[in-house]
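Asker: Protein chains in written order, with numbering that gives the first Met the number 0: chain A, 0 to 276; chain B, 0 to 474.
Cβ atoms here follow ideal geometry from the backbone N, Cα and C, with glycine treated the same way.
Since this is a predicted model, take the numbers as computed values, not measurements.
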Amino acid sequence: MTDKSDPGAVLPDAQQPDAEDVGRRAFLRNAFIAAGAVTFGSKTVAFADDLVRGSDEPADDVPQWAMVIDLARCDGCKECTKACQETHFTGDQEWIKVFEVTDEGGNIVFLPRPCMQCENAPCLNVCPVGATYRNDNGTILVDHDRCIGCRFCMAACPYGARYFNWGEPENPPGAALARYSPEFPVPHRKGTVDKCMFCAHNAMNGKLPACASSCPMSAIWFGDLKADIATNGLETVQLSWLLGNRNAFRLKEELGTRPRVWYLPGHGEHSKVVLPE
Amino acid sequence: MSAQIAAGAPDGNRMEHLLERSKAPVQPGAWGIRGRLLVASLAAVVIWGILAWVWQLKHGLAVTGLNDRVSWGFYLTNFVFFIGISHAGTLVSAILRLSHAEWRRPITRLAEMITVVALIVGASMVIADMGRPDRLQYVFMHPHLRSPILWDVLSISTYIAGSLLYLYLPLVPDLAILRDGHVGGRIRQRLYSVLALRWHGGPEQRRLIGRAIGIMAVVIVPVAISVHTVVSWIFGMTLRSGWNSTIFGPYFVVGAIFSGIAAIIVVMAIFRRVYHLEEFITEKHFRYLASLLLVLGLLYAYFTLSEYATVGYKMQVGDASLLSELLTGRYAPYFWTFTLLGMVVPFVLLALPRTRTIRWIVTAAVLVNIGMWLKRFVIVIPSMALPLLPYEWGTYRPTWVEWSVTAAGFAAFALIFVVFTRIFPVISVWEVEEGWEAEEGWEAEEGWEAEDAESFAPVEAPLAAGATILAEEPS
Numbered sequence: 000m001t002d003k004s005d006p007g008a009v010l011p012d013a014q015q016p017d018a019e020d021v022g023r024r025a026f027l028r029n030a031f032i033a034a035g036a037v038t039f040g041s042k043t044v045a046f047a048d049d050l051v052r053g054s055d056e057p058a059d060d061v062p063q064w065a066m067v068i069d070l071a072r073c074d075g076c077k078e079c080t081k082a083c084q085e086t087h088f089t090g091d092q093e094w095i096k097v098f099e100v101t102d103e104g105g106n107i108v109f110l111p112r113p114c115m116q117c118e119n120a121p122c123l124n125v126c127p128v129g130a131t132y133r134n135d136n137g138t139i140l141v142d143h144d145r146c147i148g149c150r151f152c153m154a155a156c157p158y159g160a161r162y163f164n165w166g167e168p169e170n171p172p173g174a175a176l177a178r179y180s181p182e183f184p185v186p187h188r189k190g191t192v193d194k195c196m197f198c199a200h201n202a203m204n205g206k207l208p209a210c211a212s213s214c215p216m217s218a219i220w221f222g223d224l225k226a227d228i229a230t231n232g233l234e235t236v237q238l239s240w241l242l243g244n245r246n247a248f249r250l251k252e253e254l255g256t257r258p259r260v261w262y263l264p265g266h267g268e269h270s271k272v273v274l275p276e
Numbered sequence: 000m001s002a003q004i005a006a007g008a009p010d011g012n013r014m015e016h017l018l019e020r021s022k023a024p025v026q027p028g029a030w031g032i033r034g035r036l037l038v039a040s041l042a043a044v045v046i047w048g049i050l051a052w053v054w055q056l057k058h059g060l061a062v063t064g065l066n067d068r069v070s071w072g073f074y075l076t077n078f079v080f081f082i083g084i085s086h087a088g089t090l091v092s093a094i095l096r097l098s099h100a101e102w103r104r105p106i107t108r109l110a111e112m113i114t115v116v117a118l119i120v121g122a123s124m125v126i127a128d129m130g131r132p133d134r135l136q137y138v139f140m141h142p143h144l145r146s147p148i149l150w151d152v153l154s155i156s157t158y159i160a161g162s163l164l165y166l167y168l169p170l171v172p173d174l175a176i177l178r179d180g181h182v183g184g185r186i187r188q189r190l191y192s193v194l195a196l197r198w199h200g201g202p203e204q205r206r207l208i209g210r211a212i213g214i215m216a217v218v219i220v221p222v223a224i225s226v227h228t229v230v231s232w233i234f235g236m237t238l239r240s241g242w243n244s245t246i247f248g249p250y251f252v253v254g255a256i257f258s259g260i261a262a263i264i265v266v267m268a269i270f271r272r273v274y275h276l277e278e279f280i281t282e283k284h285f286r287y288l289a290s291l292l293l294v295l296g297l298l299y300a301y302f303t304l305s306e307y308a309t310v311g312y313k314m315q316v317g318d319a320s321l322l323s324e325l326l327t328g329r330y331a332p333y334f335w336t337f338t339l340l341g342m343v344v345p346f347v348l349l350a351l352p353r354t355r356t357i358r359w360i361v362t363a364a365v366l367v368n369i370g371m372w373l374k375r376f377v378i379v380i381p382s383m384a385l386p387l388l389p390y391e392w393g394t395y396r397p398t399w400v401e402w403s404v405t406a407a408g409f410a411a412f413a414l415i416f417v418v419f420t421r422i423f424p425v426i427s428v429w430e431v432e433e434g435w436e437a438e439e440g441w442e443a444e445e446g447w448e449a450e451d452a453e454s455f456a457p458v459e460a461p462l463a464a465g466a467t468i469l470a471e472e473p474s
């Protein structure tokens with residue numbers, strides 16, 4: 000059998016009759032195969048990466064941003080909405096929208112709603128081109144160079160947190176000159192979907208989201224699930240303490256979207272949060 | 000049965016009649032002034048719709064009635080509607096072919112054409128809906144396979160390719176008839192001879208095309224079912240009340256076949272009248288399809304009941320407000336119009352022996368088509384308008400742009416159909432002829448023992464005869 004077929008496949012190099020020649024040929028062949036594999040492989044990996052873009056579970060060696068909104072402090076002034084609109088030049092869009100609900104006791108509850116940054120995000124799942132994706136901090140971003148404007152994400156979002164640029168966005172001078180990135184999606188683009196992205200541009204620089212830093216009641220906490228810490232700009236607390244001690248809840252928990260936004264129940268009766276001992 | 004078909008024309012002349020009839024529409028100028036007016040007005044509506052779409056491209060979807068709350072509207076409704084009627088071709092052609100229903104022969108071509116044309120119009124409605132149609136290629140460059148839209152893209156493109164092939168295969172022998180009969184001018188002759196693929200109708204060719212058609216008939220059925228299943232999953236895979244349903248796949252498939260059969264009946268009636276095909280498309284065809292329409296309609300009513308009864312009994316928050324708006328609120332006019340005109344009235348018309356005439360069957364089919372468009376509207380819009388958080392109900396008022404594009408969709412459907420039937424026969428000549436031969440074969444077998452059917456019915460002869468007849472006509 001060894002006589003008939005390629006001896007190089009069986010015999011050690013030294014015993015081969017024309018070791019150098021075979022070696023070179025083998026090298027060339029292997030080089031070709033390797034080059035082909037690398038080219039094809041990287042293409043495949045890139046393609047596969049596209050297929051699963053944003054599907055990875057959030058990394059666990061970097062901050063995992065979360066938000067806690069204290070309804071006992073919120074007085075419905077909507078400064079958060081204004082600050083957000085000014086920071087991101089969103090025009091009429093209310094990336095954080097304040098709803099007014101009446102509770103069983105007849106009290107008015109103000110309910111600010113940013114994007115929930117769901118861990119099981121319906122919007123991310125349905126995007127046909129992977130324009131919606133999750134960054135390492137667990138924040139859901141939109142790549143406006145990728146978005147095709149099908150608006151499936153808007154249909155899929157159970158919180159109505161997404162907005163569409165129906166016409167040509169206004170983009171005032173400050174916006175028009177901004178350098179676009181998914182972390183700071185300005186200037187806005189016609190025919191694409193926008194939404195709150197936890198001020199990813201601020202988070203990168205260690206700053207609070209615009210809504211949190213602008214809240215006169217310090218009702219919006221921003222924190223890191225990984226380090227278990229949260230701050231509203233004035234106070235800094237253990238995040239799990241805040242959630243556990245104040246009966247935190249999430250919107251539409253039953254849907255299984257696992258939002259990264261929690262609410263502390265109440266109806267504006269507290270002016271100050273109770274700090275831990 | 001044979002007597003019924005043969006009644007129209009004496010035995011020897013049937014082939015001649017068929018060719019006369021099926022070639023009539025492919026003769027230039029055969030339509031006269033009315034036909035030209037029709038084509039011109041359809042083209043005008045299509046061009047107007049394209050202009051409206053260009054307007055929309057320029058100014059964005061802001062020129063539509065869509066908004067952040069109701070972000071899908073007419074375009075999606077039309078998409079589901081047209082993909083729905085595309086199922087006509089599959090059912091009548093493939094399923095009847097597979098079950099050897101002989102009466103299918105004169106209507107398969109029409110059915111297959113409906114599929115192709117409806118798919119083209121349906122798919123273009125998605126492009127009309129896109130905020131960035133200039134990025135359509137991203138769907139192929141950056142496919143995100145977890146999205147039901149990708150499933151739709153894969154499924155519908157497979158369906159378009161498959162149904163084009165399925166339309167084309169049985170067309171080949173007819174193209175050869177047109178080629179050999181020197182029908183049309185030089186351009187059309189070239190078209191026919193290229194597309195006829197050197198068909199000469201020999202036994203081997205006939206065996207092969209029979210096999211190919213048989214395979215496609217089997218393949219196209221699951222593809223068609225997958226198409227409307229994944230269309231429904233665009234809605235079914237979301238968490239919205241009214242869409243968050245496990246039965247949406249089969250519910251949509253049944254609805255698609257239901258509206259598809261209604262579409263065939265309407266198209267059949269129009270071409271029968273306009274091209275004088277009364278001899279081939281008879282009351283029998285309408286009655287058979289009416290039975291199918293009734294059965295599918297009852298099935299659809301059953302699914303509708305299952306859908307709303309299981310939701311309405313439990314009255315979960317979102318479902319409850321959706322249901323009350325549908326049954327008694329702002330969407331009630333659409334819902335009840337669908338129920339009455341789309342189901343109850345057609346069922347009565349189709350079920351009563353007295354109204355099982357062409358006129359009333361066609362009336363029922365038109366009502367079903369209107370009703371099913373409304374049903375799709377009632378599926379898409381209320382679930383979007385439903386408040387997910389303490390909002391008011393969303394509003395949706397389609398603008399002239401959406402009306403224009405919608406009108407253009409329907410006009411394009413008719414226009415492509417008309418143009419197509421001016422170039423290609425609306426009846427599958429060779430298949431009808433094959434049916435006659437088979438009948439003669441059976442009749443013959445009763446009288447004297449035929450050695451084999453192949454030698455009894457040489458196919459080339461009638462084809463050649465047909466060619467001679469056509470050749471005699473100055474074209």
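So which of Glu-252/A, Arg-245/A, Glu-253/A has the shortest CA-CA distance to Asp-69/A?
Answerer: Among Glu-252/A, Arg-245/A, Glu-253/A, the Cα nearest to that of Asp-69/A belongs to Arg-245/A.
Asker: Look at Pro-127/A and Thr-256/A and say whether their C-beta atoms are less than 9 Å apart.
Answerer: No. Outside cutoff.
Asker: Could one say the Cβ of Phe-278/A lies closer than 9 Å to chain B's Cβ atoms, at least one of them?
Answerer: Outside the displayed span of chain A (0 to 276) sits residue 278/A, for which this structure offers no information.
Asker: Among the residues of its own chain, which have a CB less than 6 Å from the CB of Ala-384/B, if the five just before and after it don't count?
Answerer: Excluding positions up to five away in sequence, the list reads Val-69, Trp-392, Gly-393.
Asker: Touch check for the region 93-108 of chain B and the region 80-87 of chain A: three-plus C-beta pairs under 8 Å?
Answerer: No: the two stretches stay apart, fewer than three of their Cβ pairs being nearer than 8 Å.
Asker: Quick test of the definition: if touching needs 3 or more C-beta pairs under 8 Å, does the region 139-146 of chain B touch the region 203-215 of chain B?
Answerer: With a cut-off of 8 Å, the region 203-215 of chain B and the region 139-146 of chain B do not count as touching, because too few Cβ pairs lie within range.
Asker: Rounded to whole angstroms, what's the CA-CA distance from Ala-452/B to His-284/B? Just pull it up for me.
Answerer: At Ala-452/B the pLDDT is 41, less than 50, meaning the model places this residue with poor confidence; the figure from the coordinates comes in the next sentence. Cα to Cα, the separation comes out at about 27 Å.
Asker: Let's see if you can read the secondary structure: which residues bound the alpha helix (DSSP H) around Ala-202/A?
Answerer: Segment 199-203, the alpha helix (DSSP H) holding Ala-202/A.
Asker: Can you find a CB in chain B that lies within less than 9 Å of the CB of Thr-80/A?
Answerer: Answer no: the Cβ-Cβ gap between Thr-80/A and chain B never drops below 9 Å.
Asker: Can you check which of these residues, His-16/B, Arg-35/B, Ala-175/B, is closest to Leu-414/B by C-alpha distance?
Answerer: Leu-414/B has its Cα closest to that of Arg-35/B, out of His-16/B, Arg-35/B, Ala-175/B.
Asker: Taking 6 Å as the limit between beta carbons, can you name the residues of its chain near Pro-258/A, skipping five residues before and five after?
Answerer: For Pro-258/A, where only same-chain residues beyond five positions count, the Cβ hits under 6 Å are Met-115, Cys-117, Arg-249.
Asker: Taking Cβ-Cβ distances below 7 Å as the criterion, which residues of the region 121-132 of chain A are in contact with chain B?
Answerer: Listed in sequence order: Pro-121, Asn-124, Val-125, Cys-126, Pro-127, Val-128, Gly-129.
Asker: Which whole runs of the beta strand (DSSP E) in the region 186-274 of chain B are 3 residues long or more, in chain order?
Answerer: The qualifying runs do not exist here; there are none.
Asker: Rank Val-125/B, Met-314/B, Val-115/B by C-alpha distance to the C-alpha of Thr-405/B and give the top, closest one.
Answerer: For Thr-405/B, the nearest C-alpha among the options comes from Val-125/B.
Asker: Go ahead and pull the three-state DSSP assignment for Phe-279/B.
Answerer: Of the three classes helix, strand and coil, the one that applies to Phe-279/B here is coil, per DSSP.
Asker: Kindly say whether Leu-279/A, judged by its beta-carbon, lies nearer than 9 Å to any beta-carbon of chain B.
Answerer: Coverage of chain A is limited to positions 0 through 276, which leaves residue 279/A absent and any answer about it impossible.
Asker: Residues of chain B with CB closer than 8 Å to the CB of Cys-146/A, please, in chain order.
Answerer: Per Cβ cutoff of 8 Å: Gly-130, Arg-131, Arg-134.
Asker: Which value, in whole angstroms, describes the spacing of the CA atoms of Leu-339/B and Val-361/B?
Answerer: In a straight line, the C-alpha of Leu-339/B is about 17 Å away from that of Val-361/B.
Asker: Would Leu-292/B be called buried (16 or more neighbouring beta carbons within 10 Å of its own) or exposed?
Answerer: Label assigned to Leu-292/B: buried.
Asker: Just checking: is the beta-carbon of Ala-154/A within a distance shorter than 9 Å of some beta-carbon in chain B?
Answerer: Answer yes: the Cβ-Cβ gap between Ala-154/A and chain B drops below 9 Å somewhere.
Asker: Output the distance between the C-alpha atoms of Ala-71/A and Leu-110/A, rounded to the nearest integer angstrom.
Answerer: Rounded to the nearest angstrom, the two C-alpha atoms are 10 Å apart.
Asker: Suppose you measure from the CA of Arg-96/B to the CA of Ile-212/B; what does that come to, to the nearest Å?
Answerer: About 9 Å.
Asker: Among Phe-334/B, Tyr-287/B, Arg-286/B, which one has its Cα closest to the Cα of Tyr-531/B?
Answerer: Because chain B spans 0 through 474 in this model, residue 531/B falls outside it and cannot be assessed.
Asker: Taking C-beta pairs closer than 7 Å, name the residues in chain A that Thr-237/B reaches, listed in chain order.
Answerer: Within chain A, the residues near Thr-237/B are Pro-121, Ala-154, Ala-155.
Asker: What would DSSP say about Lys-194/A, mapped onto helix, strand or coil?
Answerer: Lys-194/A falls in the strand class under three-state DSSP.
Asker: Provide the residue span of the beta strand (DSSP E) that contains Phe-98/A, from first to last.
Answerer: Run containing Phe-98/A: 96-101, per the beta strand (DSSP E) assignment.
Asker: Where are the alpha helix (DSSP H) runs, 4 residues long or more, that stay fully inside the region 65-116 of chain A, in chain order?
Answerer: You should have 78-87.
Asker: What is the C-beta distance between Val-428/B and Ile-176/B, in whole angstroms, given that I count them as a contact (C-beta under 8 Å)?
Answerer: Between Ile-176/B and Val-428/B the Cβ distance is about 6 Å, and since that is below 8 Å, they are a contact.
Asker: Can you list, in chain order, the residues of its chain with a C-beta nearer than 8 Å to that of Ala-229/A? Leave out the 5 residues immediately preceding and following it.
Answerer: The answer, listed in chain order, is Ala-65, Val-67, Trp-220, Phe-221, Gly-222, Asp-223, Thr-235, Val-236, Gln-237, Leu-238, Leu-241.
Asker: What are the boundary residues of the beta strand (DSSP E) that includes Val-125/A?
Answerer: Looking at the DSSP string, Val-125/A is not in any beta strand (DSSP E); the run it does join, the alpha helix (DSSP H), is 121-125.
Asker: Report the partner residues of Phe-337/B according to the DSSP bridge assignment.
Answerer: In the DSSP output, where bridge partners are listed per residue, Phe-337/B has none listed.
Asker: Any chance the region 367-383 of chain B sits against the region 307-325 of chain B, with 3 or more Cβ pairs inside 8 Å?
Answerer: With the cut-off at 8 Å, the region 367-383 of chain B and the region 307-325 of chain B touch.
Asker: In angstroms, rounded to a whole number, what distance separates the CA positions of Asp-102/A and Ser-240/B?
Answerer: Near 23 Å, if we compare the C-alpha coordinates of Ser-240/B and Asp-102/A.
Asker: Is the region 45-55 of chain B in contact with the region 207-221 of chain B, if contact means three or more CB pairs nearer than 8 Å?
Answerer: Short answer: they don't touch.
Asker: For Tyr-74/B, return the contacting residues in chain A, with the cut-off set at a CB-CB distance below 8 Å.
Answerer: Correct list: empty, because the minimum Cβ distance to chain A is about 10 Å.
Asker: Do you know how far the Cα of Val-343/B is from the Cα of Ala-350/B?
Answerer: Roughly 11 Å between the two C-alpha positions.
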